[in-house]
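Residue numbers for the sequence shown follow the UniProt record's numbering, beginning at 1 and rising by one. The beta-carbon is built from N, C-alpha and C at its ideal position, and this holds for glycine as well. Note that the structure is a prediction, hence the values are computed from the model and not measured.
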Amino acid sequence: MRSGVPNFCAVALALNDLGYKAVGIRLDSGDLAYLSCEIRKIFCSIENEFGLPSFGKTSITASNDLNEETLDALNKQGHEIDAYGIGTYLVTCYAQAALGVVFKLVEINNQPRIKLSEDVSKVSIPCKKRIYRLHGKEGYPLVDIMTEENEPSPKEGDRILCRHPFQESKRAYVVPQRVEELLRCYCAGTSDKKEETLPPLGDIRQRCIKQLEQMRPDHMRRINPTPYKDSKYVLL
Numbered sequence: 001m002r003s004g005v006p007n008f009c010a011v012a013l014a015l016n017d018l019g020y021k022a023v024g025i026r027l028d029s030g031d032l033a034y035l036s037c038e039i040r041k042i043f044c045s046i047e048n049e050f051g052l053p054s055f056g057k058t059s060i061t062a063s064n065d066l067n068e069e070t071l072d073a074l075n076k077q078g079h080e081i082d083a084y085g086i087g088t089y090l091v092t093c094y095a096q097a098a099l100g101v102v103f104k105l106v107e108i109n110n111q112p113r114i115k116l117s118e119d120v121s122k123v124s125i126p127c128k129k130r131i132y133r134l135h136g137k138e139g140y141p142l143v144d145i146m147t148e149e150n151e152p153s154p155k156e157g158d159r160i161l162c163r164h165p166f167q168e169s170k171r172a173y174v175v176p177q178r179v180e181e182l183l184r185c186y187c188a189g190t191s192d193k194k195e196e197t198l199p200p201l202g203d204i205r206q207r208c209i210k211q212l213e214q215m216r217p218d219h220m221r222r223i224n225p226t227p228y229k230d231s232k233y234v235l236l
């Protein structure tokens, strides 16, 4: 409300001066019903202030893992949404959930970049990173950790303080018996970073199966599985 919407309106007004009409905006997080109503008020005020016919009816589209229950709740609350973007629940079922993975820009020309959002889980962590999986004495993975690209890698037998990326109170000491680096570069673009050859699809499938077999049983149970941990880390 303090950045995205005002920026859209500024660009829409500039486009209007050049003879173009902005189509609309998309809401992808937060309280969709409340936000849509507040945005509609802003559109209507701009229509009155600048004398732009129909600007108050600028389209508002909503997405963010919508399903029939969400739509029903929105209708009961009241909203100003004109269209819905429904993807995940259209092509998957509850028993075969989708993995929500999105690429985020974290660096440009060696300068860190961050994405801000009212939804803390959608705030990106800046800088290029390396990712490691720490295994315990029984061979099970204990935690996945992120470090900056140039930070020292964790070592087997070292005592490591692992901290949750967003929740400061969630932290634990780990002494890994095996350290596995997970992130590999297969497409470096214009970077001088060394690229690896992508394995055959069959090998990728077998690696996925093997990784799942290594997980602790309570992480893999269908009812109330134990959440698997990921974190940033500090060497102590």
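Classified as exposed, I209 has fewer than 16 neighbouring CB atoms from the shown chains inside 10 Å of its CB.
Inclusion of K122 and P165 in the CB contact set at 8 Å is not warranted, their separation being larger than that value.
Judged by beta-carbon spacing, V174 lies beyond the 8 Å limit of L201, meaning their Cβ atoms are not closer than that value.
Rounded to whole angstroms, E138 and P217 show a C-alpha spacing of 12 Å.
Annotated as proximal: R178 and H135, with beta-carbon spacing under 8 Å. DSSP assignment within the stretch 19-45 yields no whole alpha helix (DSSP H) run of 4 residues or more.
Between S63 and R26, the C-beta gap is smaller than 8 Å, which places the two residues in contact.
Listed as beta-bridge partners of Y84 by DSSP are A62. Under DSSP, S231 takes part in a beta bridge, and its partners are I145.
With a cut-off of 8 Å on Cβ pairs, the stretch 67-74 is not in contact with the stretch 37-46, counting fewer than three such pairs. Relative to D230, the option among I145, R159, E118 whose CA is nearest is I145. In the three-state reduction of the DSSP assignment, H79 falls in the coil class.
Pairing Y186 with R159, the inter-Cα distance amounts to about 31 Å. With contacts defined as CB atoms closer than 8 Å, E181 and R130 qualify as a contacting pair. Per the coordinates, the alpha-carbon of C127 lies some 45 Å from the alpha-carbon of G51. Put simply, the backbone Cα of S124 is about 30 Å away from that of I223. Here L32 is buried: its Cβ has 16 or more other Cβ atoms, across all protein chains shown, within 10 Å. If you draw a 10 Å sphere on the C-beta of F43, you find 16 or more other C-beta atoms in it, and that means buried. Apart from sequence neighbours up to five positions away, the residues of its chain that approach I81 with a beta-carbon distance below 6 Å are S36, I60, A62, ordered along the chain. Classified as buried, Y132 has 16 or more neighbouring CB atoms from the shown chains inside 10 Å of its CB. Close CB contacts of Y140 within its chain, under the 6 Å cut and outside five residues either way in sequence, are with R216 (chain order).
E148 is positioned such that its CB atom lies no closer than 8 Å to that of S29. Assignment of P6 by DSSP, reduced to helix, strand and coil, places it in the helix class. In the DSSP assignment, L134 forms a beta bridge with V143, V179.
Taking a 10 Å sphere around the C-beta of T197, we find fewer than 16 other C-beta atoms and assign the residue as exposed.
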